[in-house]
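In the numbering used here, the protein residues as written are 489 to 1095.
Structure below.
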């Protein structure tokens, strides 16, 4: 039996809709409460087929739901429910029930993506393109170079998604794409915007571009044109703190020739809809991300829905022929009986991992997790000497202090003894404790408190005051006045320039460091441990993942995958074997109509 626990906003919305509906108010109120509830859980709509003809529990009350046809007819007869194009609080479409606002977000995103994906190929200088790919992608030709293919697609299409895990070269590919676009402009103005969902992700994108651009096989004049500044998507759109819409009207406001979004898996449906609606029709949109990662904490799984169920997208014949002709690449074809939608020529998955091979410990474990093979992933973790991997049975709550002492001292002593803010910020990212939950003895709140106690007892920090030398903090809200954003990490240090008083040092996207008085900071929290959700957009040399001993809805394949792929070299997991294998076997499914609208009934037949 499906169960739904309503919160106060669900109940208030249900009461309002029930009164507005008049006759049929009880059904209207119930459905309004359910659709509000699932949107709060990350879904875009409520699937009527999933409850039709069954019994459900709503905040402890058992309710019998009529069959689908009767439910559909009853809802269609309500004045608060309409079809697409109607201005009613609820929209009924294809047996999915939407809030009006979320239907509008989804429809707008679908329309613009399909328009860009269906647009005529962009005009390019083919001779220059051949020269570019030979210079920038000097492969050996023994296997398909998916980075090169992605670059050609970026010049040919107005919409492109480049998906791949950490180490597959998404950022290096997009830097080369930027250089190619600038060369194709031949000295003309070509405006490029770089953005990411969080300030931390934007800063990492800037760091990667600065590190990469100097090695490009292109003219110095082109290197100088490559932008190094990235913003958050909210900044790009000019969204004020807490605002539900941008400060400008929608449509053609972002006058860039190309907009590039990193860590797109973290973008919610409302935010992505606003972004794509603000762009010019002719401009390119390039999304970088990992479709296997956790989706946004807000509603929607936009990147996953755009990527669909296809693993190896079989490009259209014409597009595959163009790529093979221009590049000499031979793209593996995949037999498929259905007509491909336009989006098939706008999606590429980078397959080669330059950080972890499938034979390596972490690489093999990640592959098993992606495939939902929990037992296989656990077996790799428990091998006698898997490179970079360690499994440990979860200690009892009372045993966490003893268990954490060594990892904490080993992982954090170096940043706490750093001689400069720059060194401290770099050293701090060498290790992180990741948690699946915030509450309980295995959650972020408890473990951060325990970490401070352990480090204080060992004399590594002086925890006598709230603001002590070495306290690491994460900002938890956006502050546009201070230009600090949710997810930004800083370190409190004694500052000789301020008379030895504590200042909190934050890295900027341009490589500089800024310092602020603790009194000026927006809401924040100590961050020796952080949730896996908050770790997205970050990488650490080593991670310790601590899983709770009971299966919860927060534990999933995507959470394990996201946590493990934050590590550059070493992963240690503490947990219960049964809980781990169940989590890896459970994928997150968020209800929406986006995937169906973009892909129709085309599915991957390869498994």
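We put the beta carbon where it would ideally sit given N, CA and C, even for glycine. Remember, predicted model here, so these are calculated numbers, not experimental data.
Let me check understanding here. Comparing Cα to Cα, which of the options lies closest to residue i?
{"i": "residue 960", "options": "934, 514 and 917", "result": "917"}
{"i": "residue 838", "options": "865, 861, 776 and 863", "result": "776"}
{"i": "residue 1086", "options": "726, 597 and 905", "result": "597"}
{"i": "residue 979", "options": "930, 646 and 949", "result": "949"}
{"i": "residue 690", "options": "1025, 1074 and 1065", "result": "1025"}
{"i": "residue 696", "options": "631, 707 and 714", "result": "714"}
{"i": "residue 905", "options": "958, 871 and 944", "result": "958"}
{"i": "residue 495", "options": "1038, 514, 705 and 522", "result": "522"}
{"i": "residue 885", "options": "956, 1034 and 548", "result": "1034"}
{"i": "residue 641", "options": "626, 883, 630 and 617", "result": "617"}
{"i": "residue 1014", "options": "955, 986 and 1074", "result": "955"}
{"i": "residue 1102", "options": "664, 972 and 870", "result": "This structure cannot settle anything about residue 1102, because the visible part of the chain is limited to 489 through 1095."}
{"i": "residue 1052", "options": "501, 615, 654 and 570", "result": "654"}
{"i": "residue 529", "options": "1031, 562 and 756", "result": "756"}
{"i": "residue 1031", "options": "855, 877 and 986", "result": "877"}
{"i": "residue 1023", "options": "894, 721 and 925", "result": "925"}
{"i": "residue 712", "options": "748, 938, 670 and 1065", "result": "670"}
{"i": "residue 862", "options": "497, 1046 and 771", "result": "1046"}
{"i": "residue 573", "options": "748, 562 and 593", "result": "593"}
Roughly how many whole angstroms lie between the Cα atoms of residue i and residue j?
{"i": "residue 639", "j": "residue 967", "result": "36 Å"}
{"i": "residue 688", "j": "residue 499", "result": "36 Å"}
{"i": "residue 825", "j": "residue 833", "result": "Since pLDDT at residue 825 reaches only 47, below the 50 mark, its modelled position is unreliable, and the value read off the structure follows with that caveat. Each residue's Cα considered, the two are about 17 Å apart."}
{"i": "residue 764", "j": "residue 685", "result": "14 Å"}
{"i": "residue 1088", "j": "residue 1068", "result": "34 Å"}
{"i": "residue 762", "j": "residue 584", "result": "22 Å"}
{"i": "residue 623", "j": "residue 896", "result": "46 Å"}
{"i": "residue 723", "j": "residue 683", "result": "9 Å"}
{"i": "residue 804", "j": "residue 830", "result": "9 Å"}
{"i": "residue 651", "j": "residue 889", "result": "40 Å"}
{"i": "residue 923", "j": "residue 1072", "result": "16 Å"}
{"i": "residue 730", "j": "residue 759", "result": "Bear in mind that the predicted position of residue 730 carries a pLDDT of just 46, short of 50, making it too unreliable to give a figure here."}
{"i": "residue 815", "j": "residue 1028", "result": "36 Å"}
{"i": "residue 672", "j": "residue 1084", "result": "35 Å"}
{"i": "residue 1080", "j": "residue 795", "result": "14 Å"}
{"i": "residue 911", "j": "residue 704", "result": "28 Å"}
{"i": "residue 914", "j": "residue 1057", "result": "16 Å"}
{"i": "residue 554", "j": "residue 1041", "result": "28 Å"}
{"i": "residue 921", "j": "residue 657", "result": "26 Å"}
{"i": "residue 1044", "j": "residue 858", "result": "11 Å"}
{"i": "residue 556", "j": "residue 541", "result": "7 Å"}
{"i": "residue 813", "j": "residue 615", "result": "12 Å"}
{"i": "residue 787", "j": "residue 701", "result": "35 Å"}
{"i": "residue 626", "j": "residue 635", "result": "11 Å"}
{"i": "residue 524", "j": "residue 548", "result": "17 Å"}
{"i": "residue 965", "j": "residue 975", "result": "8 Å"}
In or out: residue i buried (at least 16 other Cβ within 10 Å) or exposed?
{"i": "residue 590", "result": "buried"}
{"i": "residue 507", "result": "exposed"}
{"i": "residue 736", "result": "Below a pLDDT of 50, predicted positions are generally treated as unreliable, and residue 736, at 45, falls in that range; the measurement from the model is reported next regardless. The residue in question, residue 736, is exposed, as its Cβ has fewer than 16 Cβ neighbours within 10 Å."}
{"i": "residue 537", "result": "exposed"}
{"i": "residue 769", "result": "exposed"}
{"i": "residue 881", "result": "exposed"}
{"i": "residue 491", "result": "exposed"}
{"i": "residue 781", "result": "buried"}
{"i": "residue 784", "result": "buried"}
{"i": "residue 620", "result": "buried"}
{"i": "residue 953", "result": "exposed"}
{"i": "residue 493", "result": "exposed"}
{"i": "residue 946", "result": "exposed"}
{"i": "residue 433", "result": "As shown, the chain starts at 489 and ends at 1095. That puts residue 433 outside it, with no answer to give."}
{"i": "residue 1078", "result": "buried"}
{"i": "residue 982", "result": "exposed"}
{"i": "residue 1038", "result": "exposed"}
{"i": "residue 575", "result": "exposed"}
Tell me the DSSP bridge mates of residue i?
{"i": "residue 991", "result": "981"}
{"i": "residue 540", "result": "Residue 540 is not bridged to any residue."}
{"i": "residue 761", "result": "Residue 761 pairs with nothing; no bridge assigned."}
{"i": "residue 651", "result": "777 and 837"}
{"i": "residue 685", "result": "According to DSSP, residue 685 bridges with nothing at all."}
{"i": "residue 719", "result": "683"}
{"i": "residue 535", "result": "584"}
{"i": "residue 1067", "result": "Per DSSP, none; premise fails for residue 1067."}
{"i": "residue 743", "result": "Paired residue(s): none; residue 743 is not in a bridge."}
**Report entry** Segments of 3+ residues assigned as beta strand (DSSP E) that fall wholly inside the region 862–948
**Finding:** Restricted to the region 862–948, the beta strand (DSSP E) segments that are unbroken, complete and at least 3 residues in length are 877–881 and 919–923, listed in chain order.
Report task. Could you name each continuous alpha helix (DSSP H) segment of 4 residues or more that falls completely within the region 982–1063, going from the start of the chain to the end? Result -> Listed in chain order, they are 1020–1023 and 1045–1052.
Query raised in the report: Can you list the beta strand (DSSP E) stretches of 3 or more residues lying completely in the region 765–805, in chain order?
Result: Within the region 765–805, the complete beta strand (DSSP E) runs of at least 3 residues are 772–777.
Query raised in the report: Counting only runs that start and end within the region 555–615, where is the beta strand (DSSP E) found for 3 or more residues in a row?
Result: Runs of the beta strand (DSSP E) inside the region 555–615: 578–581 and 584–587.
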